[in-house]
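Chemist:
Have a look at this one:
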């Protein structure tokens, strides 16, 4: 049972309806309590850790503003959903995550109506959310659909297939995609200028002007003036922010904004709720936010066993027996020393697949293709036609993708 003295606000939240009864000014304090509770809970149970800490404020803002589960919220992969589960009726059971008959570590439709789509593999959220939005559009249902996807997951082709399909539709469904950028792999934020542009593209005034301009100028396909204004806007934004690509795909781009600034998140999401069609909100977050050790070691604290939050992860004493991954890593490096044509390929799983040592000893022969398993396999096939000896290291379960 939650300690109401330590968590005076969170102890009163069993559902998003309870969250919405609070004044907006209390949301930062609720986020602080949620972060502390997550650290305490995962410390007891283990589980995915860093990703959830990075979306605390975003999770609070989304459930506060959207009428979930009537409005549909789709999380990509699911590593980051522990805060979501805590706010949606599973607060007192979150410590049972990954235990028999306990809370599932990923969104699970059978577990809660707030878990709108079962996930586990990455990069499926936009496709799923688009399908939901289309189905609702066909029924004349104007309830909202939101997909939350990380910058890592955006490296997979499936995400772009969904963006491409959505942007090419004659009748735009009502869909918001939130790009949770937690290591600036898509773009590098540039101080005050980035903040200024984020505020500008997210302001009610600018969006009102844009929407009003669309009504006055009409279809840009057949109006030379509208086409000129659109190209001027793209040129101006393209010089400073990573918007042009998403705008060309048919999405109204907003951001980047600070994903840990609740007032900014709430103000921007309120604006976007009032816009119809395809929208993309780019938020900048820090994986492991609020727990210094996790911020400093984002790989090590991605998923953890039970630990004492005051001490952090502590290495176990005694001699460590080599794991299968260790044996594979040693074999690969030994083989590479004997065969100069041997190459190592991984789809964003260097640590888990045992390619860390190889990547350091043979950096010119190491290829991380990001979350792109089908590309990794076909890339290796192309290399092999030229006499190379590629080794593709992929978790067997990821070959389903």
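In my numbering, the protein residues as written are 1176 to 1576.
From the three backbone atoms N, C-alpha and C, an ideal C-beta is built for every residue, glycine too.
(1) Pull up the CB-CB distance for residue 1353 and residue 1303, whole angstroms please, since I reckon it's below 8 Å.
(2) In angstroms, rounded to a whole number, what distance separates the CA positions of residue 1267 and residue 1177?
(3) Going by DSSP, name the residue or residues bridged to residue 1542.
(4) Pick from 1220, 1300, 1546 and 1553: whose alpha carbon is nearest that of residue 1570?
(5) How would you write the range of the alpha helix (DSSP H) that residue 1499 sits in, first residue to last?
(6) Is the number of C-beta pairs between the region 1200-1218 and the region 1287-1300 that are closer than 8 Å three or more?
(7) Can you tell which of 1475, 1459 and 1195 has its C-alpha closest to the C-alpha of residue 1356?
(8) Just the C-alpha distance for residue 1523 and residue 1349, rounded to the nearest angstrom, thanks.
(9) In terms of residue numbering, what span does the beta strand (DSSP E) encompassing residue 1259 cover?
(10) Three Cβ pairs or more, each shorter than 8 Å: is that satisfied between the region 1253-1273 and the region 1188-1196?
(11) Which whole-angstrom value describes the C-beta separation of residue 1342 and residue 1425, a residue pair presumed to lie in contact below a C-beta threshold of 8 Å?
(12) Tell me the DSSP bridge mates of residue 1344?
(13) Is it a yes or a no for the region 1468-1478 touching the region 1219-1239, going by three-plus beta-carbon pairs under 8 Å?
(14) Report the rounded CA-to-CA distance for residue 1499 versus residue 1505, giving the unit in angstroms.
(15) Residues bridged to residue 1565 by DSSP?
(16) Counting only the same chain and skipping the five closest in sequence on each side, list residues whose C-beta sits under 8 Å from that of residue 1487.
(17) Label residue 1548 either buried or exposed according to how many other C-beta atoms from any shown protein chain fall within 10 Å of its C-beta, with 16 as the threshold for buried.
(18) Closest to residue 1211 by CA distance: which of 1199, 1200 and 1232 is it?
(19) Just confirm the distance between the C-beta atoms of residue 1541 and residue 1519, as a whole number of angstroms; I'd bet it's less than 8 Å.
(20) Is the number of C-beta pairs between the region 1310-1318 and the region 1275-1284 that are closer than 8 Å three or more?
(21) Specify the secondary structure class of residue 1192 as computed by DSSP and reduced to three states.
(22) For residue 1489, does the count of other Cβ atoms within 10 angstroms reach 16, so buried, or fall short, so exposed?
(23) Have a look at residue 1332 and residue 1457 and give me their C-alpha separation to the nearest angstrom.
(24) Go through its chain and collect everything with a Cβ distance to residue 1604's Cβ below 7 Å, but skip five positions before and after it.
(25) Could you have a look at residue 1465 and say whether DSSP puts it in helix, strand or coil?
(26) Which same chain residues end up closer than 8 Å to residue 1229 when comparing Cβ atoms and leaving out the 5 residues on each side of it in sequence?
(27) My output table needs one value for residue 1339: the three-state DSSP class, helix, strand or coil.
Modeler: Result, derived from the coordinates:
(1) For this step, residue 1353 is matched to residue 178 along the chain shown. For this step, residue 1303 is matched to residue 128 along the chain shown. Actually they do not touch by this definition, with Cβ atoms about 14 Å apart.
(2) Within the chain shown, numbered from 1, the residue matching residue 1267 stands at position 92. Within the chain shown, numbered from 1, the residue matching residue 1177 stands at position 2. Roughly 7 Å between the two C-alpha positions.
(3) Start at 1 with the first residue of the chain shown, and residue 1542 comes out as number 367. Answer is 1520, bridged to residue 1542.
(4) Counting from one through the chain shown, the residue named residue 1570 turns up at place 395. Ranking 1220, 1300, 1546 and 1553 by Cα distance to residue 1570 puts 1546 first.
(5) Taking the chain shown and counting its residues from 1, the one referred to as residue 1499 is at position 324. Start and end: 1499-1513.
(6) no
(7) In the chain shown, the residue the question calls residue 1356 occupies position 181. Among 1475, 1459 and 1195, the Cα nearest to that of residue 1356 belongs to 1459.
(8) Counting from one through the chain shown, the residue named residue 1523 turns up at place 348. Counting from one through the chain shown, the residue named residue 1349 turns up at place 174. Their backbone Cα atoms lie some 32 Å apart in a straight line.
(9) On the chain shown, position 84 is the one that residue 1259 refers to. Note, residue 1259: premise wrong, no beta strand (DSSP E); alpha helix (DSSP H) at 1257-1260.
(10) yes
(11) Translated into the one-based positions of the chain shown, residue 1342 becomes position 167. Translated into the one-based positions of the chain shown, residue 1425 becomes position 250. 3 Å between Cβ atoms; contact.
(12) Indexing the chain shown from 1 puts residue 1344 at position 169. Bridge partners of residue 1344: none, in fact.
(13) yes
(14) Taking the first residue of the chain shown as 1, we reach residue 1499 at position 324. Taking the first residue of the chain shown as 1, we reach residue 1505 at position 330. Going by the C-alpha atoms only, they are around 10 Å apart.
(15) Here the question's residue 1565 lines up with position 390 in the chain shown. The partner list for residue 1565 (beta bridge, DSSP) reads 1518.
(16) Here residue 1487 is taken as the residue at index 312 of the chain shown, counted from 1. Taken in chain order, the residues that qualify are 1468.
(17) Counted from its first residue, the chain shown places residue 1548 at position 373. By the 10 Å Cβ count, residue 1548 comes out buried.
(18) The sequence position of residue 1211 within the chain shown is 36, counting from 1. Selected option, being the one with the closest Cα: 1232.
(19) The residue labelled residue 1541 in the question sits at position 366 within the chain shown. The residue labelled residue 1519 in the question sits at position 344 within the chain shown. Confirmed, about 5 Å.
(20) no
(21) Translated into positions along the chain shown, residue 1192 becomes position 17. Residue 1192: helix per DSSP, three-state reduction.
(22) Here residue 1489 refers to the residue found at position 314 when the chain shown is read from its first residue. Residue 1489 comes out exposed.
(23) Locating residue 1332 in the chain shown gives position 157, counting from the first residue. Locating residue 1457 in the chain shown gives position 282, counting from the first residue. If I take the Cα positions, the gap works out to 19 Å.
(24) Residue 1604 lies beyond the stretch modelled for the chain, which goes from 1176 to 1576, so this question has no answer here.
(25) In the chain shown, the residue the question calls residue 1465 occupies position 290. In this structure, residue 1465 counts as coil in the three-state DSSP scheme.
(26) Taking the chain shown and counting its residues from 1, one reaches residue 1229 at position 54. Same-chain partners within the cutoff: 1255, 1355, 1357, 1434, 1460, 1461, 1462, 1463 and 1464.
(27) The sequence position of residue 1339 within the chain shown is 164, counting from 1. Correct three-state label for residue 1339: helix.
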